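For the sequence shown, counting from 1, position 36 maps to 36 in full-length UniProt numbering; every step adds exactly one.
Cβ atoms here follow ideal geometry from the backbone N, Cα and C, with glycine treated the same way.
If you're wondering where the values come from, they're calculated on a predicted model, not measured in any experiment.
First up is the structure itself, then whatever we jot down about it.
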Amino acid sequence: MSSATSHNVPTSLLQSPSFQLERLRRRTRDCVDVALAAHETTIREYWVLTCLVEEDAASQSYLSETLAIDASDMVRLIDALEKRGWAKRERDPKDRRRQIVASTKKGTKTHAELAKLVTAAEDEALNDSTSKQLKHLRKLAQAIIAADSEDEGH
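As structure tokens, this is what we get:
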């Protein structure tokens, strides 16, 4: 019996998408947090580093908007990445008032290692799911996020 049903969670909650997603979010986040804590980093730092590695360079405002992280929190996250030598700030050659954040070689190498840990932690969190179920979950999540992005653009 799963932990959700062993605590007599009302059926209406078990059928509620918001409740289901919150449980799923908490379960995956907890596993990922433990894996990343062993490397003294956080999921939000990992997200920023992922953007820097995959986008090559980005403005702080782009990172804040993309990850839905407050600008002041973003400054602290980038400071933490810079302190570890994973990211660097540079002046934008097109606009000297603006700073661009980029991954360093060390950051790119570290990201590759952390990505494996995050994937393993997510797999562990979802270990009772079949491959087919996970494929459907990922497709559904991507469709919802894409629809949300389209709504924000209009």
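Per-residue burial, residue i [other beta carbons within 10 Å of its own, 16 or more giving buried]
i, result
"A141", "exposed"
"Q20", "exposed"
"G107", "buried"
Secondary structure of residue i, DSSP reduced to three states
i, result
"A125", "helix"
"A115", "helix"
"E90", "strand"
"R96", "strand"
"V53", "helix"
"S131", "helix"
"V101", "strand"
"S18", "helix"
Cβ-Cβ distance between residue i and residue j below 8 Å
i, j, result
"L49", "S103", "yes"
"V32", "E113", "no"
"M74", "L63", "yes"
"I78", "A87", "yes"
Segment contact flag, the region 54 to 65 with the region 120 to 130, C-beta cutoff 8 Å, min 3 pairs: no
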